[in-house]
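Numbering (this note's numbering), first residue to last: 12 to 376.
Take a look at the structure:
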């Protein structure tokens, strides 16, 4: 076994031990025993809401313990196989094991990052909204590229489920706006640092003179509301409009005003939904979106107070440019908050975003 591999294995063992402490594995086992005793009680379902929350907590703890156990076993097995292959001089086997080692290293790194998800909503599903900036066709196309990037990131790299809640097509190409619901463990924790302005520099495919253009799009991420969280909204603070849903055509499109737009007057937040043929369902979906946006504002206020107490500057915001994607005259994607940059633009636009997200989350701790 070469020295470099020894160092990697040593660091991974340290990382697994850090994860054990951060997850507080022993405490989780004790809590699971407590919950199991409550679940076995014949009075469990006398309070259905409490029972559901208890079962959800049980499932989360079981998943966490299972994932940690699997990581530990995988590392122990890999160490044993590398030692055997190294002693036997099996070069081909070592090449395969080195690939397995790289894959396990990425898994452990992701688990370390997930241990940093300490926010009250980090474990929730989330809404990810994309809005094209000024510039018409150019910005609409850039917004569509971001939609593809985030969809692939969620579905391929994290196995999250993605649902389009609302989508407004551009006149010629691309999209003016789109809202995705991203569903999966820690979806909000992983996506929340993507809020901000994303800038693209490229030779325009829509310019006959092949000139360089700069386009902007905004991304906003808010947590879906779960459990006992209450967001009170006064009906008199709402302006509700209905309109005909846009789409690719068909017998159900543009015949009834099923799409719903809600404006929250005090905050000036606007949400809309046209994913259902039912106006009632679209209104309910739009209200949930509004609650998520208001909930995110409350979380941000809490975070700002915490950062003020810790003397940490929070520069992430709706109008703040966070990342630059330069396709011409050179190729480079750079995060303006952390300085992290990647030259392989194709992989990033294909959804391989985690290095940027991990760098941002890690910089806050």
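Cβ atoms here follow ideal geometry from the backbone N, Cα and C, with glycine treated the same way.
In DSSP terms, what residue i is bridged to
{"i": "residue 228", "result": "143, 209"}
{"i": "residue 348", "result": "None; residue 348 has no bridge partner."}
{"i": "residue 253", "result": "271"}
{"i": "residue 335", "result": "210, 345"}
{"i": "residue 190", "result": "140, 177"}
{"i": "residue 234", "result": "137"}
{"i": "residue 223", "result": "214"}
{"i": "residue 353", "result": "344"}
{"i": "residue 172", "result": "194"}
Proximity below 8 Å, CB of residue i to CB of residue j
{"i": "residue 306", "j": "residue 236", "result": "yes"}
{"i": "residue 356", "j": "residue 368", "result": "no"}
{"i": "residue 192", "j": "residue 174", "result": "yes"}
{"i": "residue 270", "j": "residue 243", "result": "no"}
{"i": "residue 39", "j": "residue 75", "result": "yes"}
{"i": "residue 139", "j": "residue 281", "result": "no"}
{"i": "residue 124", "j": "residue 26", "result": "no"}
{"i": "residue 310", "j": "residue 134", "result": "no"}
{"i": "residue 148", "j": "residue 183", "result": "yes"}
{"i": "residue 43", "j": "residue 91", "result": "no"}
{"i": "residue 55", "j": "residue 64", "result": "no"}
{"i": "residue 46", "j": "residue 69", "result": "yes"}
{"i": "residue 303", "j": "residue 216", "result": "no"}
{"i": "residue 89", "j": "residue 111", "result": "yes"}
{"i": "residue 372", "j": "residue 204", "result": "yes"}
{"i": "residue 16", "j": "residue 93", "result": "yes"}
{"i": "residue 301", "j": "residue 275", "result": "yes"}
{"i": "residue 2", "j": "residue 122", "result": "Residue 2 lies beyond the range of the chain shown here (12 to 376); nothing can be said about it."}
{"i": "residue 32", "j": "residue 79", "result": "no"}
Residue environment, residue i, which counts as buried when at least 16 other CB atoms sit within 10 Å
{"i": "residue 262", "result": "Low confidence applies here, because residue 262 scores a pLDDT of 42, under 50, leaving its location unreliable and the question unanswered by this model."}
{"i": "residue 374", "result": "exposed"}
{"i": "residue 208", "result": "buried"}
{"i": "residue 21", "result": "exposed"}
{"i": "residue 18", "result": "exposed"}
{"i": "residue 152", "result": "buried"}
{"i": "residue 14", "result": "exposed"}
{"i": "residue 201", "result": "buried"}
{"i": "residue 144", "result": "buried"}
{"i": "residue 259", "result": "Residue placement at residue 259 cannot be trusted, given a pLDDT of 46 that sits under 50; the coordinates are not used to answer."}
{"i": "residue 213", "result": "buried"}
{"i": "residue 95", "result": "exposed"}
{"i": "residue 141", "result": "buried"}
{"i": "residue 28", "result": "exposed"}
{"i": "residue 35", "result": "exposed"}
{"i": "residue 113", "result": "exposed"}
{"i": "residue 165", "result": "buried"}
{"i": "residue 7", "result": "Residue 7 is absent from the model: the chain starts at 12 and stops at 376."}
{"i": "residue 348", "result": "buried"}
{"i": "residue 61", "result": "exposed"}
{"i": "residue 325", "result": "Low local confidence applies: a pLDDT of 46 at residue 325 is under 50, so the model's placement there is unreliable, with the coordinate-based value given in what follows. Exposed, because fewer than 16 other Cβ atoms sit within 10 Å of the Cβ of residue 325."}
Distance between beta carbons of residue j and residue i, contact taken as under 8 Å
{"i": "residue 256", "j": "residue 157", "result": "So it is not a contact: roughly 22 Å between Cβ atoms."}
{"i": "residue 185", "j": "residue 154", "result": "6 Å"}
{"i": "residue 199", "j": "residue 137", "result": "4 Å"}
{"i": "residue 346", "j": "residue 333", "result": "7 Å"}
{"i": "residue 351", "j": "residue 366", "result": "7 Å"}
{"i": "residue 179", "j": "residue 296", "result": "The pair is not a contact, with the Cβ atoms about 15 Å apart (cut-off 8 Å)."}
{"i": "residue 362", "j": "residue 105", "result": "Rounded, the Cβ-Cβ distance is 31 Å, inconsistent with contact."}
{"i": "residue 272", "j": "residue 283", "result": "4 Å"}
Residue i Cβ short of 7 Å to the ligand FMN heavy atom set
{"i": "residue 106", "result": "This structure simply doesn't include the ligand FMN, nor any ligand for that matter."}
Proximity test, Cβ basis, 8 Å: residue i and chain D
{"i": "residue 332", "result": "No chain D is present in this structure, which holds just one protein chain."}
At what residue ranges does the segment 108 to 165 contain a whole run of the alpha helix (DSSP H), taking only runs of 4 or more?
Assignment of alpha helix (DSSP H) within the segment 108 to 165, counting only whole runs of 4 or more residues, yields 148 to 163 in chain order.
What runs of the alpha helix (DSSP H), each 4 residues or longer, lie entirely inside the segment 28 to 61?
For the alpha helix (DSSP H) assignment, the uninterrupted runs of no fewer than 4 residues enclosed by the segment 28 to 61 are, from N- to C-terminal side, 36 to 50.
Please give me, in chain order, every unbroken run of the beta strand (DSSP E) with length at least 3 that falls completely inside the segment 270 to 322.
270 to 275, 280 to 284
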